[in-house]
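This report refers to the structure that appears directly beneath it.
There are 2 protein chains.
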Amino acid sequence: MPRPRQHRAEVTRQAILDGAAVAFDRSGFGGTSLSDVVKHAGVTKGALYFHFPSKEALARTLMAEQLRVADLVPTGPETPSPGITGPEASSRGTTGADTTSPNPTGPGLQTVIDLTHHMAHGLRSDTRIRAGIRLVIEFGSFTDPDPSPYEGWIDICIKCLTPAQDRGDLHRSLDVHALSTYLVGAFTGIQVTSHVRTGRTDLHDRVVDLWNLTLPAIVPADRLAQFDPAGSPECRAART
Amino acid sequence: MPRPRQHRAEVTRQAILDGAAVAFDRSGFGGTSLSDVVKHAGVTKGALYFHFPSKEALARTLMAEQLRVADLVPTGPETPSPGITGPEASSRGTTGADTTSPNPTGPGLQTVIDLTHHMAHGLRSDTRIRAGIRLVIEFGSFTDPDPSPYEGWIDICIKCLTPAQDRGDLHRSLDVHALSTYLVGAFTGIQVTSHVRTGRTDLHDRVVDLWNLTLPAIVPADRLAQFDPAGSPECRAART
């Protein structure tokens, strides 16, 4: 059990990240000052500097954090993730007491479909996910290009799609690395477009389109009906 | 024929846009000052203000200009585009004397495939296209959200894909608007990802993946062989 002082420090650290997320989500990296973060976080500048040496350190933390959406689904058969009830819980770095029942067949194609919907839900409902993605696209793609968030998602897809291909859910001829790279790129653009055009209100529908328009090229015809482009029942339940 | 003074003004205007493109491509909207533009353009601040009242006006002009890549292919059967030999020519607002031979079957699915490769080529070879896209994604998606560049590309796709569906090249059940929205979103993300991961060296390969992974869902099986995911012979010739 953490000692009270450690606990207080963690509460402050989370408040700073919450405040930074509000500021970055609203104004981007260039438009956010550390004074904005302090104001939104309700902490002193001293406390801020104790936890994060710079605005860039705050941005890098939020950019890395969005990968934790992957904890929502078991992507590794040997280390089932602890149960997390939603992207808010995930982004706070806290885990619930229950454990998710391990996926009986291990991670696979439906896992990746579910991940895209969990990410879409996180973008719609969680300021920290939203700030992380804005930073990845603005700051991490142009201001100071950093492929690691993209590579992180590509690796997660590969971990799910390689066993899927081994068990025949994906065509043998597919290059799983190229498919994973494609899915990460396409999702990135789909959510930007949905954000600009509809304030992300149509994002789940656009993600369903992504899968409806991709599955026929990658899944043998006699297995197509096994996959739900709108997400598994558990995935759909988690976002309502 | 333009009078000399008009001609000089247009030369200055193009020099300003070239200089602005270098600055925006390098430093983004937030990181670019009008002094940077003046320096890169080799013009006076007075000349700059004569043509563009603000940095935002410069950005909007470059953001609108990337849509002119569509002039490279005949997207409207009734108004065949004049021949343009490459994205540099397109972005300069100049047109050659030759006329492109009209597409015998009118615009269609291969037109859209070719457009994605022309855009990829423009992103790799033309600073003004590159600056326009950086502005669309950074400035036009987050700083000051503006769906019009996305809607512009969606409309161009719809103009090509509606006749394609009418002649049976696309499944009758497809929603052409949703398909067009998907293609614009997916391309947007694919080129961002390619930029961050490889400096866009793999962009044409990633665009080929987009089509290989989408065509089986949208084209009747007996017509698939009619479409080349790498672009038509004319399109491939134009980018070498």
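Line by line, the protein sequences give chains A and B.
Start counting the first sequence at 1; every next residue gets the next number (our numbering).
Start counting the second sequence at 1001; every next residue gets the next number (our numbering).
The beta carbon of each residue, even a glycine, is placed where N, CA and C say it ideally should be.
Partner residues on chain A for residue i, Cβ-Cβ distance less than 8 Å
i          : result
Ser-1141/B : Ile-137, Val-192, His-195, Val-196
Ile-1218/B : Leu-213
Interface residues of chain B facing residue i [CB-CB closer than 7 Å]
i         : result
Gly-108/A : Going along chain B, no residue has its Cβ under 7 Å from Gly-108/A, so there is no contact; the nearest lies around 18 Å.
Asp-209/A : Ala-1178, Tyr-1182
Ala-145/A : At residue 145/A the sequence reads Pro, which differs from the Ala that was named. Ordered by position in chain B, the residues that pass the 7 Å Cβ test against Pro-145/A are Val-1196.
Cβ-Cβ separation, residue j to residue i (assumed contact under 8 Å), whole Å
i          : j          : result
Phe-187/A  : Thr-116/A  : 6 Å
Glu-65/A   : Gly-108/A  : Actually they are not in contact, since the Cβ atoms of Glu-65/A and Gly-108/A sit about 25 Å apart, beyond 8 Å.
Asp-1285/B : Val-1073/B : Lying outside 1001 to 1240, the shown extent of chain B, residue 1285/B is not represented and no answer is given.
Arg-189/A  : Gly-1231/B : Residue 189/A is actually Gly in this sequence, not Arg. No, Gly-189/A and Gly-1231/B are not in contact; Cβ-Cβ is about 20 Å, not under 8 Å.
Exposure label - residue i; buried when at least 16 CB within 10 Å
i          : result
Pro-1220/B : exposed
Thr-1181/B : buried
Leu-135/A  : buried
Gly-1046/B : exposed
Thr-240/A  : exposed
Thr-79/A   : Any reading at Thr-79/A is ruled out, since the residue's pLDDT is 40, under 50, leaving its predicted position unreliable.
Gly-1168/B : exposed
Ser-1194/B : buried
Tyr-49/A   : exposed
Pro-1149/B : buried
Within chain A, partners of residue i - CB distance below 9 Å
i          : result
Arg-1206/B : Ala-178, Thr-181, Tyr-182, Gly-185
Residue i at chain B interface by Cβ criterion, 8 Å
i         : result
Pro-74/A  : no
Pro-233/A : no
Pro-102/A : Caution is warranted here: a pLDDT of 42 is assigned to Pro-102/A, below 50, making its placement in the model unreliable, and no coordinate value can be reported.
Any chain A beta carbon closer than 8 Å to residue i
i          : result
Pro-1229/B : no
Leu-1170/B : no
Glu-1078/B : Residue confidence is low: Glu-1078/B scores 42 on pLDDT, short of 50, so the model does not pin down where it sits. No coordinate-derived value is stated.
Ile-1156/B : no
Under 7 Å by beta carbon: chain A residues contacting residue i
i          : result
Thr-1188/B : Gly-189, Val-192, Thr-193
Any chain E beta carbon closer than 8 Å to residue i
i          : result
Ala-1131/B : In the structure shown, chain E does not exist; the protein chains are A and B.
Query raised in the report: In the segment 109-136 of chain A, which residues sit with their C-beta less than 8 Å from some C-beta in chain B, listed in chain order?
Result: Within the segment 109-136 of chain A, the residues whose Cβ lies closer than 8 Å to some Cβ of chain B are Arg-134, listed in chain order.
Report task. Could you please tell me which residues of the segment 28-49 of chain A, in chain order, have their CB closer than 9 Å to any CB of chain B? Result -> For the segment 28-49 of chain A, the residues whose beta carbon sits under 9 Å from a beta carbon of chain B are, in order, Gly-28, Phe-29, Gly-30, Gly-31.
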